[in-house]
Structure formats: C-alpha cells, structure tokens
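Going by the working numbering, the letters in the sequence shown line up with residues 138 to 295, in that order.
Each residue gets a CB set at the ideal place from its N, CA and C atoms; glycine is no exception.
Right, one structure below, let's go through it.
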Amino acid sequence: DPVLFRATEETNEQQASRVVGLAEKLLGSLSSKRVAVLGLAFKKDTDDVREGASIRVINQLKNRGARVIAYDPMAITNTKKQLSGQIDYAENAHSALKGADCAIIMTEWDQIRKLKAKDFQEYMKTPNIIDARRIYNPEEFSGPNYVSIGLGPSTGTK
138 DPVLFRATEE TNEQQASRVV GLAEKLLGSL SSKRVAVLGL AFKKDTDDVR EGASIRVINQ
198 LKNRGARVIA YDPMAITNTK KQLSGQIDYA ENAHSALKGA DCAIIMTEWD QIRKLKAKDF
258 QEYMKTPNII DARRIYNPEE FSGPNYVSIG LGPSTGTK
C-alpha cells in the first residue's frame, strides 16, 4: 500500500528530526560538534540497517554540520555501504564517546546497555545523552543533560 508506505516514511523521518532537534536543544548549533551515535542496526543482534532510524539521524546530523562517530558491534560494514564515508567509526563504545559533545543511543545492544553514567562523564567532552531506546535507568542518568525518548517500543532497563 503506497499510502501506508509514505505515512511510515514520514513518521520515521519525523522521529529522526525529533532526536536531532533534542541534540540542537542541548548543544545549540550542531556545526562542528562531535556526536557519538551508539547503535546503527535497527535492533540488537543484527547487522541490518535498512530503513533504520540511525541512518536517518546521521544524515540529519551531517546536514547540520555535525561530526559523527558511530559504534555498532555488527552493523558498521552495512552502514559504510549506505553512507559511503560520511562519518567516522569507533571500534567500541568508549572510543565513540571520547571527546563527544553528545551521545545518541539508537540500538539496545548489550555493549551499550552496560555503559554507566560515569562512562559518559569520563569519556565525553560534555555528557549530553539522548537515550532514544530508553535503555538506561533515569535515576542513574538524571540531570539536565540526559533526555530519554522512545523511538519504537520501550526496551526497559536492566
């Protein structure tokens, strides 16, 4: 159904705009800001990035001049095919966070879920965190620079 497809596309783009808009609220202009995107696959335990929210978020960040560094334990190869050299990639979550002005959590990987508030504070230039998967306990990550929103179903905290 082409109408349903278009509506889904518009909703997906709006969700990406919402995430990027939150980054702008936290940072002001995104020009030259280092943004870590943690998780590229559309869900954990896959390398599938087709129609994934991460790609849309990254494209909008790049359009606003952000310097994006991404981490995903499985989906980097497929992301490189989609984005063709537009961003940098990290070998682990800590490397992605190093010197970042903002971190955006896009996939609920265990490697990302295990991060603690102190990891963000220690590695990031400024610990602005947008938890788009709601994987962290808001009590541990409370503060003006932590925003928890849901893109898709909540994955809960562990």
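Take the alpha-carbon of residue 255 and the one of residue 186: they are about 29 Å apart. In this structure, residue 234 and residue 261 form a Cβ contact; the two beta carbons are roughly 5 Å apart against a cut-off of 8 Å. Per DSSP, residue 260 has no beta-bridge partner at all. Taking a C-beta distance under 9 Å as the contact criterion, residue 194 and residue 269 qualify as a contact pair.
With respect to residue 284, residue 272 sits apart: the two C-beta atoms are not nearer than 9 Å.
For residue 165 against residue 179, the beta-carbon gap comes to about 30 Å, at or over 8 Å, which does not count as contact.
Within the DSSP secondary-structure output, residue 175 pairs in a beta bridge with 208, 242. The straight-line gap separating the alpha-carbon atoms of residue 274 and residue 201 is approximately 30 Å.
In this chain, the beta strand (DSSP E) harbouring residue 285 covers 283 to 285. Per DSSP, the continuous alpha helix (DSSP H) segment holding residue 247 begins and ends at 247 to 250.
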